[in-house]
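Position one of the sequence shown corresponds to residue -18 (our numbering), numbered consecutively onward. Don't be surprised by glycine CBs; every beta carbon is placed ideally from N, CA and C. Since this is a predicted model, take the numbers as computed values, not measurements.
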Amino acid sequence: MLAVAGPLTGEAQLIITNALTPPTPPPMPTPPPMPPLPIATPPAIALQPPAPPAPPAPQNLDLVLAWDATAKQVTVTNGTPEAHYTFSLTNISSGDVTINSAVGSCGCTVARLPVQPWLLGAGSNGQINVTMNLAGKSGTVPKTVTVSTDKGVKMLTVTTTILPPAAPPAPAMAMDRESNQKLALADRQAVFKGDCARCHAAPAAGKLGVELYQAVCGVCHEANPRASMVSDLHAIKEPTNAEFWKNWITQGKPGTLMPAFAQAQGGILSDEQIGSLVIYLTAAIPSRPAPPVLKPPTGPN
Ligand code: HEC
Ligand code: HEC
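Following this line, the structure appears as C-alpha cells:
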C-alpha cells in the first residue's frame, strides 16, 4: 500500500512541480525581447505630438485662404522671354481678408494683385498673376512669392524649367542622317514607318497645300543643307505641269530616296492632299521653258 501511495504522491508532486516550473523559465526569456519594444515605441509617440504643434500659425491662414496650388511649374523652350503663372485663391473664412502685397524673391519675378491692398470678402475668390523674366536664365529656376495678408503670410513657389538650346543634338542628327539615308535607300517607303513616321508622316495629318508641302516635302527638299541626292525643286530643268507633280508625288522614284506618297502605293497622302500639293506646286514653282533642243537651224553654223 505504501508502495502504491509512494508513486501517487510522487505523481502528485511531479504535477505540482511541473505546474510550478513553467512559470519560472518563461519570465527569463521573455523580458529580454519585451523591454526593447516598449522602450522604442514611447519615444516615437513622444516625438510625434510635439511636431504638429509647431506650425499652428500657418494653419490659421490655411483656414482662411484656399489655393488651387501653392507651387507651380512651367517648362519653356530656350529663348522664351517670360514664364507666366496664375494662382487662384478663395477666401474660405466667414470674414474679410486683406492681401497687402505679393512680392517675388528676385527682381525677375513680379506678382500682380488685382488691386493693392486687395480686400477679399468672405467666400470670394480671385487670382494672383506671376511673371518670371527669363532673360539670362537657364536650367531650372525656382523662385518664391511672399503673399502678405492681415491674417498671416503665405509662400508660393514658381519653378521654371528652361529646356536646353537645340544646338547639342546636331552631331547626333548628322549620324542619324547618314543611317537614315541608308535605311531609305534599302526601302524608300521606310520614312513612313516606325520612328521615322514621327517626323516624316505624322506632320501631314490634317494638312493641305503649302502647309502640307512644308510638313512632308520640305523636310527633304528644303533642308539646309539639302542632301546632295535630293533634288532642288526650284531648279528643275525639264518643263513641269500638274501631271509632272502628280506623278512624282504619287509614285516617287524606285531606287532613290524619293518615296511614293499615294496611299495606294504605300504612302501616306490622300487624293485630296495630293491634289492640294499639285495646285500649290504648279503655282509656286512655275515651269521653265522647254530646253532649246528642237532648234535644228543652229547646226549650219
Ligand atoms: C526627328 C525627326 C526625324 C526622324 C525621326 C527621321 N527623320 Fe529623316 N529627316 C529629318 C530632317 C529634319 C531631314 C532633313 C535633313 C536634316 O536636317 O537632317 C530628314 C531627311 C531625311 C532624308 C533625306 C536625305 C537627307 O539626309 O536629307 C531621308 C532619306 C530620311 N530623312 C529618312 C529617314 C528615315 C528612313 C528615318 C527613320 C529611320 C528618318 N528619316 C527619321 C527628320 C527626321
Ligand atoms: C525622304 C526625302 C524626300 C521626301 C520626303 C520627298 N522627296 Fe521628293 N525627292 C527626293 C529625292 C532623293 C529625289 C531625287 C530622286 C532622283 O534621284 O531622281 C526627289 C525628287 C523629287 C522630284 C523630281 C525632281 C526633278 O529634278 O525632276 C520631285 C518633283 C519631288 N521629289 C517632289 C516631292 C514632293 C512634292 C514631296 C512631298 C510630297 C517630296 N518630293 C518629298 C526625296 C524626298
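{"Asked": "Would you please state the rounded distance, in angstroms, between the beta carbons of L44 and S74? I believe it to be under 8 Å.", "Found": "7 Å"}
{"Asked": "Quick one: is the Cβ of V200 within less than 8 Å of any heavy atom of ligand 1?", "Found": "yes"}
{"Asked": "Which value, in whole angstroms, describes the spacing of the CA atoms of D77 and L94?", "Found": "16 Å"}
{"Asked": "Taking T121 as the reference, give the member of M136, P145, V111, G236 with the closest Cα.", "Found": "P145"}
{"Asked": "Can you tell me which of G85, G88, T71, Q108 puts its alpha carbon nearest to the alpha carbon of V96?", "Found": "Q108"}
{"Asked": "Considering just the uninterrupted stretch of the beta strand (DSSP E) at T231, what are its terminal residues?", "Found": "Segment 223 to 232 is the alpha helix (DSSP H) holding T231; no beta strand (DSSP E) there."}
{"Asked": "Under three-state DSSP, which class holds K163?", "Found": "helix"}
{"Asked": "Look at the alpha carbon of N81 and the alpha carbon of V128, and state the distance between them as a whole number of angstroms.", "Found": "8 Å"}
{"Asked": "Here's the rule I'm using: 16 or more other beta-carbon atoms within 10 Å means buried, otherwise exposed. How should G236 be labelled?", "Found": "exposed"}
{"Asked": "Thinking L193 and A204 are a contact (beta carbons under 8 Å), I'd like their distance in whole angstroms, please.", "Found": "Actually they are not in contact, since the Cβ atoms of L193 and A204 sit about 17 Å apart, beyond 8 Å."}
{"Asked": "Taking the continuous alpha helix (DSSP H) assigned at E192, which residues delimit it?", "Found": "190 to 193"}
{"Asked": "Could you tell me which whole beta strand (DSSP E) segments of length 3 or greater appear in the region 55 to 125?", "Found": "63 to 72, 78 to 85, 90 to 93, 99 to 101, 106 to 114"}
{"Asked": "From T263 to T221, what does the alpha carbon distance come to, in whole angstroms?", "Found": "8 Å"}
{"Asked": "Would you check whether ligand 2 has a heavy atom nearer than 8 Å to the C-beta of I260?", "Found": "no"}
{"Asked": "So does K163 have its beta carbon nearer than 8 Å to some heavy atom of ligand 2?", "Found": "no"}
{"Asked": "Our contact map puts F68 next to V111 with C-beta atoms below 8 Å; I'd like the distance itself, whole angstroms only.", "Found": "7 Å"}
{"Asked": "Nearest-angstrom Cα distance between S209 and S251?", "Found": "29 Å"}
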